[in-house]
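Residue numbers (our numbering): 3 to 74.
Note that CB positions come from ideal geometry on N, CA and C, so glycine has one too.
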């Protein structure tokens with residue numbers, strides 16, 4: 003018997019559209035605009051061994067963002 007969830011999954015594009023409506027005065031938006039994401043991603047990816055098989059890594063922006071939210 004195949005399992006069917008009773009909950010509808012969120013569409014990634016729906017989430018993205020809701021984030022576009024955030025105010026530029028939002029403290030998280032301001033912080034994100036000030037961080038050097040290019041340098042962060044470069045350093046983050048350099049330290050991971052992506053040549054091995056297995057699950058891929060999470061995006062640097064997601065990992066760093068989660069750590070910032072956790073510690074604020």
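| query | result |
| --- | --- |
| Alpha carbon to alpha carbon, how far is residue 48 from residue 37? Give it in angstroms, no decimals. | 18 Å |
| At the level of alpha carbons, what is the spacing between residue 61 and residue 43? | 8 Å |
| Our contact map puts residue 39 next to residue 63 with C-beta atoms below 8 Å; I'd like the distance itself, whole angstroms only. | 6 Å |
| So residue 69 packs on residue 59, CB below 8 Å; how close in whole Å? | Contact flag wrong, Cβ pair sits at about 14 Å. |
| Starting from the Cα of residue 1, find the closest Cα among 72, 66, 27 and give me that residue. | Residue 1 lies beyond the range of the chain shown here (3 to 74); nothing can be said about it. |
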